[in-house]
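Remarks on the structure that follows.
In my numbering, the protein residues as written are 1251 to 1531.
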């Protein structure tokens, strides 16, 4: 029995020694199966390898940046037509016209957005000729001039004569604008046309007159070259009556009268936008 116990203890000591040697072997100086020289060589390899990859990455980025223009995107063919955007930025609007807190967010959004269109701000821009593209030549990096678009041209939807933009009277205003596309010069005479998706039409009023996007606001030269540029907007006032209240109204607005696309089934916002309005009393 004693002999067996001695053998068992010796075997356990041998196993423990083998396990420790796999971490560090004092006889060969190996750590985790490799000598210091071997570890040094493999670390040097990976250092050189990853330094080479990092250098290739930096070189690729540097070459790519050399091909880019600071003012104009290199590839613009993928966005040839603008989308139509609504303000307030809500596709579902629901409010009670007799409770200001329910439509205050919409009013604040419109007021904040129109600050850049204040007449005092716009008088610093150019009084351009209507119906003509405002094309400009200039040196590289030279700022382009911007045409005036005064807030007062939105009349009953400007927020100047009615600070609630018609929401308090149950005849709300919405603002429509096109996305900015550098160099865009729409052919024809683009204008906004809105229709209600129901049998009985809804009376609407457009500001500026006829809801047109005048050519003088095109082309756009980019954020860096056209810092004072503001997009032309069209205000649509929904002239709702009592029979229109307490009912969800679906309104679709499209850009008409030009070569800008508005019927792409794959993109519901290309040249058009659909929103819903419910006014309660």
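Note that CB positions come from ideal geometry on N, CA and C, so glycine has one too.
When DSSP labels each residue in this structure, what does residue i get in the three-state scheme?
| i | result |
| --- | --- |
| residue 1256 | Since pLDDT at residue 1256 reaches only 46, below the 50 mark, its modelled position is unreliable, and the value read off the structure follows with that caveat. Of the three classes helix, strand and coil, the one that applies to residue 1256 here is helix, per DSSP. |
| residue 1435 | coil |
| residue 1524 | strand |
| residue 1387 | coil |
| residue 1469 | coil |
| residue 1531 | coil |
| residue 1345 | strand |
| residue 1373 | coil |
| residue 1402 | helix |
| residue 1507 | strand |
| residue 1513 | coil |
| residue 1519 | coil |
My understanding is that residue i touches residue j, with C-beta atoms under 8 Å, so please give their C-beta distance in whole angstroms.
| i | j | result |
| --- | --- | --- |
| residue 1503 | residue 1516 | Not a contact, Cβ separation roughly 19 Å. |
| residue 1372 | residue 1400 | 5 Å |
| residue 1417 | residue 1353 | 4 Å |
| residue 1419 | residue 1396 | Incorrect: roughly 34 Å between the Cβ atoms, too far for contact. |
Which residues bound the alpha helix (DSSP H) around residue i?
| i | result |
| --- | --- |
| residue 1290 | 1286-1316 |
| residue 1358 | 1350-1363 |
Excluding the 5 residues preceding and the 5 following residue i in the sequence, name in chain order all residues of the same chain whose CB lies nearer than 6 Å to its CB.
| i | result |
| --- | --- |
| residue 1256 | Low confidence applies here, because residue 1256 scores a pLDDT of 46, under 50, leaving its location unreliable; read the following figure in that light. Excluding residues within five positions, none has a Cβ falling inside 6 Å. |
| residue 1526 | 1342, 1498, 1500 |
| residue 1429 | 1332, 1333 |
| residue 1266 | Its pLDDT being 49, under 50, residue 1266 is placed unreliably by the model, and the measurement read from it follows with that caveat. Once the five neighbours on either side are set aside, residue 1266 has no close Cβ partner at all. |
| residue 1495 | 1529, 1531 |
| residue 1368 | 1401 |
| residue 1507 | 1438, 1439, 1440, 1441 |
To which residues does DSSP link residue i through a beta bridge?
| i | result |
| --- | --- |
| residue 1445 | 1502 |
| residue 1456 | 1486 |
| residue 1427 | 1335, 1483 |
| residue 1397 | 1376 |
| residue 1478 | None, per the DSSP bridge assignment. |
Within its chain, find whatever has a CB closer than 7 Å to the CB of residue i; leave out the 5 residues flanking it on each side and keep chain order.
| i | result |
| --- | --- |
| residue 1510 | 1331, 1332, 1436, 1440, 1521 |
| residue 1382 | 1465, 1466 |
| residue 1344 | 1528 |
| residue 1260 | In this prediction, residue 1260 scores a pLDDT of 49, lower than 50, which makes its location untrustworthy; the coordinate-derived value is nonetheless stated afterwards. Nothing listed; no residue qualifies. |
| residue 1469 | 1383, 1385, 1433, 1434, 1435 |
| residue 1460 | 1441 |
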